[in-house]
Structures are given as C-alpha cells and as structure tokens.
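Undergrad: Counting in our numbering, the sequence shown tops out at residue 172, every number present. Below is the structure I would like to discuss, written out as structure tokens.
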Amino acid sequence: MKKIGIIGRPNVGKSTLFNRLAGQRIAIVDDMAGVTRDRIEFTAEWLGRRFRVVDTAGYDLKEEIVKKEMQRQFMYSLEEADFFILMVDGREGVHPLDEIVCGLLREGGKSFVVAVNKIDSSSAENLAYDFFSMGIDKVFPISATHGRNVDDLMDEIISRL
Ligand code: GDP
Ligand code: MG
12 MKKIGIIGRP NVGKSTLFNR LAGQRIAIVD DMAGVTRDRI EFTAEWLGRR
62 FRVVDTAGYD LKEEIVKKEM QRQFMYSLEE ADFFILMVDG REGVHPLDEI
112 VCGLLREGGK SFVVAVNKID SSSAENLAYD FFSMGIDKVF PISATHGRNV
162 DDLMDEIISR L
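Structure, rendered in structure tokens:
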C-alpha cells in the first residue's frame, strides 16, 4: 500500500491535517495510531483508494537539516514514503528550510505537493502565491483547521499516487 508522508517545519500544522484526515472525510480503515511515541500512521481511503498516512517526528524539520549528515539521514527517512505533502505556513511566507526541503525532495526524485496551510479564508489565498518562488508549478492553499480545500489536495494526491 502506498504511503503518504506529511513533512514540514514544526508548527506549520502537520498534525492538524493528519488528525483531520484521520477523523473526517477519510474513513479510517485500520487504526494503528500510537505505535511509537514519535510516529503515527493509519490506513485511509479516498475515492475508493486505500493508502497509509504517516506523521512522524522524523519529518518534523529542524534547523540542523542544513548540515550534510542530517540531510543524509533525512533523505534516508524519506525512503519509506511514496509521496509527500510538503506543508508550509502561508502566514509566515517562504522560510529557508522550506526551500531546502523542496530542493531535497526534487533532487531525490520524490513526488510531492506543496500545501500552503493556515489559509483560512479566500481573501488570504494570495499568500500562497509566494511559494511559486520555490520553483513549483502548483500550490494548494489549505486550512487544516477548517478543512478548506483539503478535498482538492487529496484529489490531486490520489490522481498522482
Ligand atoms: P505541526 O507541528 O506541524 O504538527 O503543527 P500542529 O498541527 O501542531 O499545529 C501548530 C499550530 O498551528 C496549532 O496551534 C494549530 O492550531 C495551528 N494551525 C494548524 N493548522 C491551522 C490552520 O489551518 N489555520 C490556522 N489559523 N491555524 C492552524
Ligand atoms: Mg506535529
């Protein structure tokens, strides 16, 4: 079964999205939450496709990632997922770590989408366009808290999984 990893800096809303996917819209088929302290994953279903969603501390990016050895370990931890949601904070704009990780995903040939979170209303959607500077051709402005556009995000992921 394909695995989707939710990746991004601390506090961008990864766990909020994870919980939303686990609790609403996507039916939990098999709950394996809390297998270890720093890793939660579960089997989800969207439009008839089943896949696993992973929220791990290993994907919670820290400043040290810029160091070579950390990059190597980070890339290793990336091996276990087939697809990534790179989550960024639309209110804070592009952070150097976002750019670094975007580059690592690209270099590693990983499939990913950029979810610009904390876009709680349509009037804030323009904040998401900043992230085109990372060299991506599509951004997904979402609100993990309110569920805004999360269905569009999942539709895209399923179509590319
Ligand atoms: P993580 O560290 O990336 O897992 O981030 P969390 O899911 O723990 O969220 C960090 C903070 O951002 C919490 O206070 C959330 O309530 C808040 N947050 C998450 N998603 C959204 C969102 O869509 N809109 C707003 N306004 N706040 C959010
Ligand atoms: Mg978290």
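Glycine residues also receive a C-beta, built at the ideal position from the N, C-alpha and C atoms.
(1) Roughly how many angstroms lie between the CA atoms of A126 and F143, to the nearest whole one?
(2) Following the continuous beta strand (DSSP E) through F29, name the residue where it begins and the one where it ends.
(3) Beta carbon of I17, beta carbon of F29: below 8 Å?
(4) Between the Cα of G34 and the Cα atoms of I130, E52, R20 and V23, which residue gives the shortest distance?
(5) Skipping 5 residues on each side, what residues in its chain have a beta carbon closer than 6 Å to that of G145?
(6) For G101 and D148, I'd like the C-alpha separation in whole angstroms.
(7) Here's the rule: buried if 16 or more other CB atoms are within 10 angstroms of the residue's CB, otherwise exposed. What is S154?
(8) Return yes when at least one heavy atom of the ligand MG lies under 7 Å from the C-beta of S133, else no.
(9) How many whole angstroms separate the CB atoms of R31 and G158, which I take to be in contact at a CB cut-off of 8 Å?
(10) Looking at L108: is its Cβ nearer than 8 Å to the Cβ of R20?
(11) Of the residues A135, Y140 and F123, which one's Cα is nearest the Cα of L164?
(12) Are the Cβ atoms of D141 and V105 separated by less than 8 Å?
(13) Exposed or buried, which one is V46 when buried takes at least 16 other CB atoms within 10 Å?
(14) Go through its chain and collect everything with a Cβ distance to V99's Cβ below 8 Å, but skip five positions before and after it.
TA: Here's the rundown:
(1) Counting from one through the sequence shown, the residue named residue 126 turns up at place 115. Counting from one through the sequence shown, the residue named residue 143 turns up at place 132. Distance between the alpha carbons of A126 and F143 is about 12 Å.
(2) Counting from one through the sequence shown, the residue named residue 29 turns up at place 18. Per DSSP, F29 belongs to no beta strand (DSSP E); it is in the alpha helix (DSSP H), K25 to G34.
(3) In the sequence shown, the residue the question calls residue 17 occupies position 6. In the sequence shown, the residue the question calls residue 29 occupies position 18. In this structure, F29 lies closer than 8 Å to I17 by Cβ.
(4) Start at 1 with the first residue of the sequence shown, and residue 34 comes out as number 23. When each option's Cα is compared against that of G34, the closest is E52.
(5) On the sequence shown, position 134 is the one that residue 145 refers to. It should be noted that the sequence gives Met, not Gly, for residue 145. Only E110 and C113 meet the Cβ criterion.
(6) Position 90 of the sequence shown, counted from the first residue, corresponds to residue 101. Position 137 of the sequence shown, counted from the first residue, corresponds to residue 148. Each residue's alpha carbon lies about 16 Å from the other.
(7) Taking the sequence shown and counting its residues from 1, one reaches residue 154 at position 143. Buried is the call here.
(8) Position 122 of the sequence shown, counted from the start, is the residue given in the question as residue 133. Checking the Cβ of S133 against the ligand MG gives no.
(9) Indexing the sequence shown from 1 puts residue 31 at position 20. Indexing the sequence shown from 1 puts residue 158 at position 147. About 6 Å separates the two Cβ atoms, so the contact holds.
(10) If you number the sequence shown from 1, residue 108 lands on position 97. If you number the sequence shown from 1, residue 20 lands on position 9. Taking 8 Å as the Cβ cut-off, L108 and R20 qualify as a contacting pair.
(11) Counting from 1 along the sequence shown, the entry for residue 164 is found at position 153. Minimum Cα distance to L164 is reached at F123.
(12) Taking the sequence shown and counting its residues from 1, one reaches residue 141 at position 130. Taking the sequence shown and counting its residues from 1, one reaches residue 105 at position 94. Yes, they are a contact pair.
(13) Your numbering for residue 46 matches position 35 in the sequence shown. A caution first: V46 carries a pLDDT of 35, below 50, which makes its placement in the model unreliable, though a value can still be read off. V46 is exposed by the Cβ-count criterion.
(14) Numbered from 1 along the sequence shown, position 88 holds the residue referred to as residue 99. Closer than 8 Å at the Cβ level, and outside the excluded window around V99, lie G19, R20, V23, V105, H106, D109, V125, A126, V127, N128 and F142.
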